[in-house]
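A short write-up of the structure that comes next.
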Amino acid sequence: MFDNKGNLIIVSGFSGCGKGTIVSELINRYDGYVVSVSATTRKPRVNEVYGMHYFFKTEAEFEEMIKNGDLIEYARYVDNYYGTPKVYVENMLQAGKNVILEIEVVGAKKIKELYNDAVTIFVMPPSIAKLKDRLKNRATEDENSLKERFDRSKEELKYARYYDYILVNDNLDFAVEDMHSIVCAHKHKTKFNEEFLDEIKNELDKV
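Counting in the numbering used here, the sequence shown tops out at residue 559, every number present.
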């Protein structure tokens, strides 16, 4: 039968490129999407809620999760751990939900190795000048932090060519629709529906 399992969607991109805004708007517009909540040792920002934005952990708690195999992937980024809890992702996929993982490039590579049918999308800004403006307008980063993030962006760019899709965020509405179209098209790839095709063949043979 047609595969009703959900898609695993990996979304990465430079800090400040707007990937989180795209994902939030996608969920607002369309049913069937959920965001996997990551665990992190980063301190919560203003208005961030435990269990909604992140599972905020101490280093000791996070390392215990690593030891117990409770994470699909994890990585260290700007002096903090980030990781993807396993149980939530698996349950949502089996329920037919499209699970979005908004993660950095090293974690994305690890997940793609475990879930080779995952769709990977790298979100890019229209220009580096606009990216710099967005980060400064956040007013949450000092000059040292900005430099760290741009140095990291140079490394992330090396991984971008290995993603299935590059999505340029120059217009939010277009970017949201593009991401939804990518997911829909990926769902109907032939290689994910061989069982369904075999079933149709058997039915045709009986005609």
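Using N, Cα and C, we set each Cβ at its ideal position, and we do this for glycine too. All values reported here derive from a predicted model rather than from experimental measurement.
Original post:
How about I518 and A512: are their beta carbons less than 8 Å apart?
Top reply: yes
Original post:
Which parts of the region 516–553 are runs of the beta strand (DSSP E), unbroken and 3 residues or longer, counting only runs that do not cross its ends?
Top reply: 517–520
Original post:
Residues in its own chain within less than 8 Å of V441 by CB, not counting five upstream and five downstream?
Top reply: L360, S388, I424, V451 and L453
Original post:
At what residues does the beta strand (DSSP E) containing R513 begin and finish?
Top reply: Segment: none, R513 is in no beta strand (DSSP E) and carries neither H nor E.
Original post:
Which residues bound the alpha helix (DSSP H) around F414?
Top reply: E411 to N420
Subject >> Per DSSP, the bridge partner or partners of R428 >> reply: Y433
Original post:
How close, in whole Å, do the beta carbons of K371 and V439 come, if the pair is a contact with beta carbons under 8 Å?
Top reply: Going by Cβ atoms, the distance from K371 to V439 rounds to 24 Å, so no, they are not a contact pair.
**OP:** Return the residue from the list Y429, S376, K357 and L524 that minimises the CA-CA distance to A391.
**Re:** Y429
**OP:** Return helix, strand or coil for M404, following the three-state DSSP convention.
**Re:** coil
Subject >> Residues near E465 in its chain [Cβ-Cβ closer than 6 Å; skip 5 each side] >> reply: none
Original post:
If we count the other Cβ atoms within 10 Å of its Cβ and call it buried at 16 or more, is K569 buried or exposed?
Top reply: Lying outside 353 to 559, the shown extent of the chain, residue 569 is not represented and no answer is given.
Original post:
Helix or strand or just coil, what does DSSP make of T393?
Top reply: coil
**OP:** State the Cα-Cα distance for the pair E411 and T393, rounded to the nearest angstrom.
**Re:** 6 Å
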